[in-house]
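Chains as they are written, first to last, in the numbering used here: chain A, 1 to 235; chain B, 236 to 324.
One structure is given here, and the rest of the page talks about it.
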Amino acid sequence: MAGPNGSTPVTHNSNDTALKIMSWNGSRGTLTRLLVSHCRLHGTVNILQLFGVQNITVEYSKLYDNDAANSSTYHPNLVEYAGGTETQCGGIMRSGIGRRKVFMIYQSNGGPIYVYGNVWHDATSGYPRIFQPFDNAQGPAIFTTIPFTTCTRWWATGVNGGSLAAGSQSANNIIGRSIGFIGGEPAGADYEYADVSLGEAHSLSGVGQTPFANAAGSDFHIGATISGFCRAIRA
Amino acid sequence: MNLGSPYNLDKDGNQRGADGSWDIGAYEYSTGGTTNTNLPPSVSALTLNAADVDPNVAGIQVLEGTTVLCAGSATDPNGDRLPGNGSTR
Chain A
1 MAGPNGSTPV
11 THNSNDTALK
21 IMSWNGSRGT
31 LTRLLVSHCR
41 LHGTVNILQL
51 FGVQNITVEY
61 SKLYDNDAAN
71 SSTYHPNLVE
81 YAGGTETQCG
91 GIMRSGIGRR
101 KVFMIYQSNG
111 GPIYVYGNVW
121 HDATSGYPRI
131 FQPFDNAQGP
141 AIFTTIPFTT
151 CTRWWATGVN
161 GGSLAAGSQS
171 ANNIIGRSIG
181 FIGGEPAGAD
191 YEYADVSLGE
201 AHSLSGVGQT
211 PFANAAGSDF
221 HIGATISGFC
231 RAIRA
Chain B
236 MNLGSPYNLD
246 KDGNQRGADG
256 SWDIGAYEYS
266 TGGTTNTNLP
276 PSVSALTLNA
286 ADVDPNVAGI
296 QVLEGTTVLC
306 AGSATDPNGD
316 RLPGNGSTR
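Shown next, in the form of structure tokens:
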């Protein structure tokens, strides 16, 4: 998973981006029906920025190795998403393995956005968050089947007045090495496994056992020994 | 959420919910909980539709101008799509 700086995470003094998709002609326009597939995007402060994009699919790609030399000025984001004026922006983020810092900030309208089938792991420091609606009510955001480790926060709402729009969902996720939330989860969050208390009716939390086959070896398949309580929680 | 093809496959290409329910996490559970081994494809022996006109020389010898069809097939035990099966003249 080493990037251009070898095994040392890249740190830049500029707010650069690996892939920025935006239509600009004096004001932000709209782009529709885009596919990013089988790509490796890495080694910048921001990895993927989507501004004014409708119906984009990101699949079978790896987004990793992003950091900033001055994180108080530049917030490294794995995915930064700003919908602009559109109200229909369906995105399916299937990004493979992500690494480091804030995983996603989602701001300025748009949605729904679907995030599923990802493996996100090994974020560092005290700031990483999986999903942060930056301001206002964003989404709905629908997350499912995402195992990840060493993530400081899962949902982070209310930081700058951001919240989750009605209809947001969180289900079938495996939340590992997390210290919980800032703000709250979606109202419909359920059927998850976590090492923190979730307060969900059908979820398993505080089990104290890694659900993965070999997390240290980056094998995030479900482990055989815990399959009895980790498999098929939701039909 | 009930997404259809191709999003009902995990990163290994396994069908999600084939046993009636989606497993938790990004990968559908497989026995043993380990990564599925990507097995190599099986390739059949090639056959030619032309006879060897000079068995004293190594290889298959045909007369100039003869059209020879070389045929074979390949299958993948993981069900991965193979770039192409066909014949070569």
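Ideal placement from N, C-alpha and C gives every residue a C-beta, glycine not left out.
Keep in mind that this is a model prediction, so the values were computed, not measured.
> Going by other Cβ atoms of all chains shown within 10 Å of its Cβ, with 16 needed for buried, is residue 293 of chain B buried or exposed?
Replying inline: exposed
> Terminal residues of the continuous beta strand (DSSP E) containing residue 51 of chain A?
Replying inline: 46 to 51
>> In whole angstroms, give me the CA-to-CA distance for residue 166 of chain A and residue 183 of chain A.
In response: 15 Å
> Among A:172, A:185, A:173 and A:170, which one has its Cα closest to the Cα of residue 162 of chain A?
Replying inline: A:185
> Taking three-plus beta-carbon pairs below 8 Å as touching, is the stretch 190 to 204 of chain A in contact with the stretch 276 to 288 of chain B?
Replying inline: Remark: fewer than three beta-carbon pairs, one from each stretch, lie closer than 8 Å, so the stretch 190 to 204 of chain A and the stretch 276 to 288 of chain B are not flagged as touching.
> For the beta strand (DSSP E) that residue 18 of chain A lies in, which residues bound it at each end?
Replying inline: 17 to 22
> If you follow the beta strand (DSSP E) that residue 77 of chain A is part of, which residue opens it and which one closes it?
Replying inline: 77 to 82
>> I believe residue 262 of chain B touches residue 220 of chain A by the beta-carbon criterion, under 8 Å. Please report the beta-carbon distance rounded to the nearest angstrom.
In response: 7 Å
>> For the stretch 256 to 267 of chain B, list every residue whose C-beta sits within 8 Å of some C-beta in chain A, in sequence order.
In response: 256, 257, 258, 259, 260, 261, 262, 264, 265, 266 and 267
> Which residues mark the beginning and the end of the beta strand (DSSP E) in which residue 219 of chain A is found?
Replying inline: First-last of the beta strand (DSSP E) with residue 219 of chain A: 219 to 222.
> With a cut-off of 9 Å, does the C-beta of residue 222 of chain A fall near any C-beta of chain B?
Replying inline: yes
> Are there 16 or more other CB atoms within 10 angstroms of the CB of residue 250 of chain B, so buried, or fewer, so exposed?
Replying inline: exposed
>> Counting only Cβ pairs nearer than 8 Å, list the residues of chain B close to residue 117 of chain A.
In response: 242, 245, 246 and 261
>> Could you check whether the Cβ of residue 172 of chain A sits closer than 9 Å to any Cβ belonging to chain B?
In response: yes
> Which chain B residues are close to residue 193 of chain A, counting only those with a beta carbon under 7 Å from its beta carbon?
Replying inline: Neighbours of residue 193 of chain A on chain B, chain order: 259.
> Nearest to residue 188 of chain A by CA position, among A:181, A:202, A:169 and A:46, is which residue?
Replying inline: A:169
> Hey, residue 277 of chain B and residue 306 of chain B: beta-carbon distance below 9 Å or not?
Replying inline: no
> Which residues mark the beginning and the end of the beta strand (DSSP E) in which residue 64 of chain A is found?
Replying inline: 62 to 64
> So residue 174 of chain A packs on residue 255 of chain B, CB below 8 Å; how close in whole Å?
Replying inline: Residue 174 of chain A to residue 255 of chain B, Cβ: 20 Å. No contact.
>> Going by DSSP, what residue range makes up the beta strand (DSSP E) through residue 33 of chain A?
In response: Its beta strand (DSSP E) spans residues 31 to 37.
>> Measuring straight from C-alpha to C-alpha, what distance separates residue 41 of chain A and residue 62 of chain A?
In response: 6 Å
> Could you check where the beta strand (DSSP E) with residue 120 of chain A kicks off and where it finishes?
Replying inline: 119 to 121
>> I'd like to confirm the pairing. Which residues does DSSP put opposite residue 186 of chain A in its beta bridges?
In response: Residue 186 of chain A is not bridged to any residue.
> Going by alpha carbons, who is nearest to residue 75 of chain A out of A:181, A:56, A:17 and A:114?
Replying inline: A:17
>> Helix, strand or coil, according to DSSP, for residue 296 of chain B in the structure here?
In response: coil
> If you draw a straight line from the C-alpha of residue 214 of chain A to the C-alpha of residue 181 of chain A, how long is it?
Replying inline: 25 Å
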